[in-house]
């Protein structure tokens, strides 16, 4: 931040995508903002028909080389302080891990480690960076805002930035979990302004699943939709989501909109072996009812709460099983044990993932409380029945 | 060249300008006798010589007494005297009184004839002429080596009007006039106390301007008074046309943009400051009265702060300080952030600013300086022009600078917003002297931040504060009560506590009598609640 640089000499980079070619060269995709086309409405701003960002792809043996080489293609000084998205290729993450990217990005003085990290799922990083998005003009903002919103509303995704990844890598047992992002549609059409000019964009970007990494930073497996919600519950990162419970034969008879929740991992020792007690307390509002409950009756509500508890416990236990099977403790069960039983942990720490985690007894206990039933008491069906 | 030197020690007339006139003057001076002569003709001739037969000097020769054998000459300057007084209280009684004897004419007139408040006998020409110039009438009698000075001051003056600067919603509507006497009396009407002392002196060897030093004995610090009297005595200048002359001659530090003396047009402000232990210097011929010792925080205070309730006054004061800093650093911050620290601007905002800067051909600093200078030109043009033309300037300025320059892509709209904000902010500082110093320093800050970014700006701000802390106003630290800190002083600095809580006068200024009011002045709501309850019991209207 020392040198004087005019705004007109800066190429403001909003997102970086990292791919690899077949002959093991890196390809860097730099999403550069065209300010005039974003702000629009001013002089010289027929913003509607020109793309708000331009993407330059540069190949090189390593990232540094690629960035230096970029000067041949970009007329301005590359400016990373406003980069808020880093997309890494799925294949690259599997084969080479995150080390080389993280080191490079963390070392840079300009780059902010608060940038969001995503893995391009089932597509190349290039596409995530290149697709033009309607509504939010700058694609990286769209990705960020979608993640924020999904994390808050749906609870299937967590937003992770580079700093979080570095922190989890430094923890005892926790491993990084990075949200996936995929492109649906035609990547050829997605890169032109036409994509933003139709009511039904030809290519869209969509948050998709969570990529689980091991402690060394290699991508190991994906948690898809329903598995990921259990993981987010365990991470205690749910803000709002929903729980559906069956009632008798009626499937999804009642849906609860979660308004508050608190998930606690309580480590305990039994005969010198650790076990984890997961306590989930949920508070919510009934959102929809398909079965003619007598909701004004507290006993009915208590029964519904029980059904919801069971459903939630099932969801979480499902994920727990998957965690045990894959032997990656990305939730940090080991860390909670280390915090409470540091002495016993000394014996476990070397073989935690291999030996202890698959055997670790984890019991899940959910406690739901229905705060309100919405603006209605009894369902409409019930009214009809009464008449 | 309205002024010419009449200094007695200035005889080496090296400059040949107006040599004739000046030599004549000096010769006359040398020739003039010290005392008046008994001959009326000689005295009249002497007067005419001294005033150069000026047409506004009226010499009225009259003959009075039983057989008209008392020869008198009444001399006064038309316009400076009150014509009614001259006619009704001076010439008329003289002409009517037939008992006047030639031998005791002066004595009789002095003791009996004239129905005037101030009449005295005088022999020295110097005294007589200076009284004449003040608007008093002189009476010479043939055969007497004494003349009478009659107080007939008057003439046309501006009446007391609402001050044009320091306007307030609430508070007295009167402002000072150009007359020293009126101004002193206006202050006296606020402070009806014999301890309000006025010391008069004359300054300006040519203009002989009356100056009054006003203070409250017992509240004003003796040391400060001694100091200001010394400084005033040191003044040796040909003319004092406005209180600004005095200010510049006695202020503590010349090379600073910050004012170390406060000036005001409002008598209530002067009264308030006198009561805090300050002194006031009133100069004849100007409505602007000087107040010192002045503190930095004082320039952010307005009379209304004291008349309105404390919560409002406090929040408005904080706003004023904020606004002062905006007017000081807004363009500099813009320049620093857009050329050095783009990472500090939120991305969305950066993109918007970048879009505007995209077509601007100049670096941000050039843009900022151009716009600031353009604005200063506009303001200066607008201030000096007559009101009729003034509106034309603002239209041209708004259209050319605000609209056309942006449309032409010479400057970016963001810069126009910054300059406009700065301009409005500088108008919101209540004291013009402080606002104008911010205007100057702003340019230094713009350059500092253009060279070194925020680092330079912060350096500049630190240096400004160091400078502010080094300033003194008649020995009182300029930044007090903030630095040195005084817990009593800050009660009425950036905040203003309710009146009942401000028990003492500011420590840094008033050294003598510090207690302003009694303790436990806080209004007791319990008493009024009792009243309400009693009403309810008796009337029982709302009880049920």
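Protein chains in written order, with this note's numbering: chain A, 1412 to 1798; chain B, 40 to 583.
Backbone N, C-alpha and C define an ideal beta-carbon position, used for all residues, glycine too.
- Residue 210 of chain B is a Cβ neighbour of residue 343 of chain B, given a cutoff of 8 Å.
- In the DSSP annotation of this structure, residue 1701 of chain A is not part of any alpha helix (DSSP H), being labelled neither H nor E.
- When only Cα atoms are considered, residue 1537 of chain A and residue 1429 of chain A end up about 7 Å apart.
- Taking the CA atoms as reference points, residue 1747 of chain A sits about 16 Å from residue 1648 of chain A.
- Secondary structure note for residue 1666 of chain A: its beta strand (DSSP E) is the uninterrupted segment 1661-1681.
- Only residues of its own chain outside the window of five on either side were considered, and among them 190 have a CB closer than 6 Å to the CB of residue 157 of chain B, listed in chain order.
- If you draw a 10 Å sphere on the C-beta of residue 240 of chain B, you find fewer than 16 other C-beta atoms in it, and that means exposed.
- For residue 493 of chain B, the enclosing alpha helix (DSSP H) stretches over residues 471-509.
- Interface criterion met: the Cβ of residue 1415 of chain A is under 8 Å from a Cβ in chain B.
- Counting only Cβ-Cβ distances below 8 Å, residue 1419 of chain A has contacts in chain B at 393, 396, 397, 399, in chain order.
- Under the three-state reduction of DSSP output, residue 444 of chain B falls in the helix class.
- DSSP lists B:531 as the beta-bridge partner residues of residue 535 of chain B.
- Proximity to residue 1575 of chain A across A:1564, A:1583, A:1567, A:1588 peaks at A:1588, based on C-alpha coordinates.
- The Cβ atoms of residue 365 of chain B and residue 464 of chain B sit closer than 8 Å to each other.
- Residue A:1739 holds the alpha-carbon nearest to the alpha-carbon of residue 1579 of chain A among A:1739, A:1691, A:1638, A:1661.
- The alpha-carbon separation between residue 361 of chain B and residue 341 of chain B amounts to approximately 15 Å.
- Across the structure, residue 530 of chain B and residue 221 of chain B are spaced so that their CA atoms are roughly 34 Å apart.
- Distance between residue 1717 of chain A and residue 1563 of chain A, taken at the CA atoms: about 25 Å.
- Here the region 1590-1602 of chain A makes contact with the region 1522-1538 of chain A; the two share three or more CB pairs at distances below 8 Å.
- Scanning chain B for C-beta atoms nearer than 7 Å to the C-beta of residue 1449 of chain A yields 390, 394, reported in chain order.
- Proximity of chain B to residue 1492 of chain A at the Cβ level (cut-off 8 Å) is accounted for by 381, 382, in chain order.
- In chain order, 483, 484, 487 place their CB closer than 7 Å to the CB of residue 499 of chain B, counting only its own chain and leaving out the 5 sequence neighbours on each side.
- Spatial neighbours of residue 384 of chain B in its own chain (CB-CB distance under 8 Å, excluding positions within 5 residues in sequence) are listed in chain order as 376, 377, 392.
- Residue 1583 of chain A places its beta carbon 8 Å or farther from that of residue 1767 of chain A.
- With respect to the 8 Å criterion, residue 1422 of chain A and residue 1489 of chain A are classified as neighbours on the basis of their beta carbons.
- Non-local C-beta neighbours of residue 1685 of chain A in its own chain, meaning closer than 8 Å and more than five positions away in sequence, comprise 1678, 1679, 1748, 1752, 1755, 1759, 1767, 1771, ordered along the chain.
- Burial is judged here by how many other beta carbons sit within 10 angstroms of a residue's own beta carbon; residue 1628 of chain A has at least 16 and is buried.
- The shortest CA-to-CA distance from residue 318 of chain B to any of B:233, B:424, B:252 is the one to B:252.
- Around the C-beta of residue 293 of chain B, fewer than 16 other C-beta atoms lie within 10 Å, and the residue is accordingly described as exposed.
- Looking at the backbone, the Cα of residue 1701 of chain A and that of residue 1443 of chain A are separated by about 50 Å.
- Among the residues facing chain A, residue 403 of chain B is included, as its CB has a counterpart in that chain under 8 Å away.
- In the structure shown, residue 1752 of chain A falls within a coil segment according to DSSP collapsed to helix, strand and coil.
- Interface criterion met: the Cβ of residue 377 of chain B is under 8 Å from a Cβ in chain A.
- Nearest C-alpha to residue 283 of chain B among B:268, B:302, B:297: B:302.
- Listed along chain A is no residue with a C-beta nearer than 7 Å to that of residue 353 of chain B; the closest approach is about 37 Å.
- Close to chain A, meaning a Cβ-Cβ distance shorter than 8 Å, is no residue of the region 187-214 of chain B at all.
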